[in-house]
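Asker: Chains as they are written, first to last, in UniProt numbering: chain A, 1 to 288; chain B, 1 to 209. Note that beta-carbon positions come from the ideal geometry of N, C-alpha and C, so glycine has one too. Dropping a structure here in structure tokens format, bear with me for questions.
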Amino acid sequence: MINVQNITKTYKGKKTLQKVSLEIEGIYGLLGPNGAGKTTLMRVLAGLISVDEGKIIVENDDLHSTDLKTIRNGIGYLPQDFDLYPKATVYDCLNHIALLKGIADSQLRKERITTVLEQVNLVDAKKQKVSKLSGGMRKRLGIAQVFLTNPSILIIDEPTSGLDILERIRFRNLLRELSKDKTIIISSHIVEDVEFLCTKLGIIKEGSVLAEGTPEEIAKSSDGFVWSIQIHENELSETFKLYTVIDIQQRGFNILDVRVLSKNKPSNATPLNATLIDGYLSIINGWR
Amino acid sequence: MDQFKFEVKNMGLNFYIPIIIFLVVFCSLFFLPAEQYELQLLIFLQTVFVPFSAWWSIYLVYELYQNQSEEILLLCYPRNLILNFIKFESIFIIMLALIVATFYVILPDVSIFKLLILLISQALLISSLGLLLAIFFKNIETPFMIIVLYIATELLTLGDVFLWPHMFFFDFNFTFREIVFYAISSMLLITVSLYLSYVNVRTIERKII
Numbered sequence: 001m002i003n004v005q006n007i008t009k010t011y012k013g014k015k016t017l018q019k020v021s022l023e024i025e026g027i028y029g030l031l032g033p034n035g036a037g038k039t040t041l042m043r044v045l046a047g048l049i050s051v052d053e054g055k056i057i058v059e060n061d062d063l064h065s066t067d068l069k070t071i072r073n074g075i076g077y078l079p080q081d082f083d084l085y086p087k088a089t090v091y092d093c094l095n096h097i098a099l100l101k102g103i104a105d106s107q108l109r110k111e112r113i114t115t116v117l118e119q120v121n122l123v124d125a126k127k128q129k130v131s132k133l134s135g136g137m138r139k140r141l142g143i144a145q146v147f148l149t150n151p152s153i154l155i156i157d158e159p160t161s162g163l164d165i166l167e168r169i170r171f172r173n174l175l176r177e178l179s180k181d182k183t184i185i186i187s188s189h190i191v192e193d194v195e196f197l198c199t200k201l202g203i204i205k206e207g208s209v210l211a212e213g214t215p216e217e218i219a220k221s222s223d224g225f226v227w228s229i230q231i232h233e234n235e236l237s238e239t240f241k242l243y244t245v246i247d248i249q250q251r252g253f254n255i256l257d258v259r260v261l262s263k264n265k266p267s268n269a270t271p272l273n274a275t276l277i278d279g280y281l282s283i284i285n286g287w288r
Numbered sequence: 001m002d003q004f005k006f007e008v009k010n011m012g013l014n015f016y017i018p019i020i021i022f023l024v025v026f027c028s029l030f031f032l033p034a035e036q037y038e039l040q041l042l043i044f045l046q047t048v049f050v051p052f053s054a055w056w057s058i059y060l061v062y063e064l065y066q067n068q069s070e071e072i073l074l075l076c077y078p079r080n081l082i083l084n085f086i087k088f089e090s091i092f093i094i095m096l097a098l099i100v101a102t103f104y105v106i107l108p109d110v111s112i113f114k115l116l117i118l119l120i121s122q123a124l125l126i127s128s129l130g131l132l133l134a135i136f137f138k139n140i141e142t143p144f145m146i147i148v149l150y151i152a153t154e155l156l157t158l159g160d161v162f163l164w165p166h167m168f169f170f171d172f173n174f175t176f177r178e179i180v181f182y183a184i185s186s187m188l189l190i191t192v193s194l195y196l197s198y199v200n201v202r203t204i205e206r207k208i209i
């Protein structure tokens, strides 16, 4: 359990985080539009940057009041974009990072590398050059290097960005598998991934936390705002102007079933059950 | 040694650039014209060979900033940075010593000791400042550009026009006292540069840029 208490961070004169308080557990998802402060918050949690105010308490250790080093030791962080030693092979890359991380004993290092390669399913690629790996394999290599020191908390910024559908599914399954004995914090734009992975969510906008809860609780935020309307194809442009359109289904010739988000009931609309994306949009729009 | 070998492998062809320059300079010792040989060679060594000491030191942070792995390596790489700096610069100093020794063989009148102190001080100063600039600007192009611009203006003005500190000596009439003063001030600057490099490489934020 990570308890974030009133974190404030100002960078280049702009408040990127404003009194952020969260209770992080399980697989925790950070959702928010671009520039919301998700990456800054993740960097703070990973101990990469300091905060102006507030503190982070991890498993009863007040980390902010001690030192960034203490946070760093138990936490593994994987940024969104990285390109680790492209000229090296997967094994050499991990071996080098293991040495940098202080695993000096060669036998222990070898064992650790073998274990993490198995964990992320990269055993067959260990002799491949990093530059030749696919996007998904590179992400797995990133996870592997994080696991060299077996951290109890894993922070991953946009874990599935830039991956094709198959790699995305593989990678999120891997995360699900790894979450058995670890706290995982992810940020994502892909609500589907968050729905699949996360047990708890925090929604951030302009550096402030707008809501926190389980995916079901977040979805409930849009209760009474989600409607289905049937329209003629010619009315689509008008519908886009009036409502936030979530989904469109073809229903017969020129007739569409449109799922919309609206504070007021549109004419001839039928209410629908809210999903996570509806809840997210309602919160971001400030309706709850 | 494993880590050093890895760094060399990772640099690829870039590792061999200062070595190639060393071979070119070494061979050119025998081909430069005899008139004003000493002075030409002094300027040549200072402005052509010595600046390449920054090549390896700047490339030490290539992985962090050009390959976007800063956030991954930030927590573990800095402790090796200074050690790697010492290893690579030691190789450079060996090459420098070989050149000065050859110089002495050709021109026994030249004070090998003074020349060696001067060139080693310059090499370490340029390499440590190059490293600091690369860390500060988080790229390798800016420090290279700054070094090239500085050398070009110093060479064109022979260190006379601008008011900023002049790193190079454009005549051979320097005294032992001058060289010792130069070496001590360089060592101070090198220590400060390396310390600032070590502090800054461990942080993501840059307060000024």
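Evaluate contact between the segment 264–278 of chain A and the segment 213–221 of chain A, counting only Cβ atoms and requiring at least three cross-stretch pairs below 8 Å.
Answerer: Verdict: yes, contact present.
Asker: Residues in its own chain within less than 8 Å of residue 333/A by CB, not counting five upstream and five downstream?
Answerer: One cannot answer for residue 333/A here, as it falls past the ends of chain A, which runs 1 to 288.
Asker: Please confirm if P159/A has its CB atom under 7 Å from at least one CB of chain B.
Answerer: Answer no: the Cβ-Cβ gap between P159/A and chain B never drops below 7 Å.
Asker: Apart from the five residues on each side of it in sequence, which residues of its chain come closer than 6 Å, Cβ to Cβ, to D193/A?
Answerer: Cβ within range, chain order: T160 and R172.
Asker: Does S69/B get closer than 7 Å to chain A when you measure Cβ to Cβ?
Answerer: Answer yes: the Cβ-Cβ gap between S69/B and chain A drops below 7 Å somewhere.
Asker: Does H232/A have its Cβ less than 7 Å from a Cβ in chain B?
Answerer: Taking Cβ atoms only, chain B never reaches closer than 7 Å to H232/A, which makes this a no.
Asker: Can you give me, in chain order, the residues of the segment 104–124 of chain A that have a beta carbon less than 7 Å from any beta carbon in chain B?
Answerer: From the segment 104–124 of chain A, no residue has a Cβ closer than 7 Å to chain B.
Asker: On the premise that I186/A lies in contact with I156/A, defined as a C-beta separation below 8 Å, what is that separation, rounded to the nearest angstrom?
Answerer: Rounded, the Cβ-Cβ distance is 5 Å, consistent with contact.
Asker: N80/B versus chain A: which residues are under 9 Å apart at the beta carbon?
Answerer: The answer, in chain order, is L99 and L100.
Asker: Please list the partners that E63/B has in chain A, where partner means a Cβ-to-Cβ separation under 7 Å.
Answerer: The answer, in chain order, is Y85.
Asker: Shortest alpha-carbon distance to Y107/B belongs to which of P165/B, S69/B, L29/B and I135/B?
Answerer: Contrary to the premise, residue 107/B reads as Leu rather than Tyr in this sequence. Of P165/B, S69/B, L29/B and I135/B, the residue nearest in Cα terms is L29/B.
Asker: Which residues in the same chain have their Cβ closer than 7 Å to the Cβ of L117/A, if we skip the five residues on either side of it in sequence?
Answerer: For L117/A, where only same-chain residues beyond five positions count, the Cβ hits under 7 Å are V123, K126 and A144.
Asker: At the level of alpha carbons, what is the spacing between V120/A and Y77/B?
Answerer: Near 23 Å, if we compare the C-alpha coordinates of Y77/B and V120/A.
Asker: With 9 Å as the C-beta to C-beta threshold (strictly closer), list the residues of the segment 7–18 of chain B near chain A in chain order.
Answerer: Cβ contacts with chain A: E7, K9, N10, M11 and G12.
Asker: Determine the chain A residues that contact I204/B at a beta-carbon separation under 8 Å, and present them in chain order.
Answerer: The answer, in chain order, is R43, L48 and I49.
Asker: Counting only Cβ-Cβ distances shorter than 8 Å, please list the residues of the segment 110–123 of chain B near chain A, keeping chain order.
Answerer: So the list is empty, because no residue satisfies the distance condition.
Asker: Do you know whose CA, among I146/B, L196/B, F6/B and Y198/B, lies nearest V90/A's CA?
Answerer: Checked all of I146/B, L196/B, F6/B and Y198/B; the closest Cα to V90/A is F6/B.
Asker: Taking a cut of 7 Å between CB atoms, which residues from the segment 246–260 of chain A lie near chain B?
Answerer: Result list empty, no residue passes.
Asker: Whole angstroms are fine: how far does the CA of Q5/A sit from the CA of S65/A?
Answerer: Any reading at S65/A must be qualified, since the residue scores a pLDDT of 44, below 50, and its modelled position is unreliable; no value is offered.
Asker: Indicate whether at least one CB of chain A lies closer than 7 Å to the CB of C27/B.
Answerer: By this cut-off, C27/B is not an interface position.
Asker: Could you list which residues in chain A have their beta carbon closer than 9 Å to that of D171/B, in chain order?
Answerer: Those within 9 Å of D171/B in chain A number zero; the least Cβ separation is about 45 Å.
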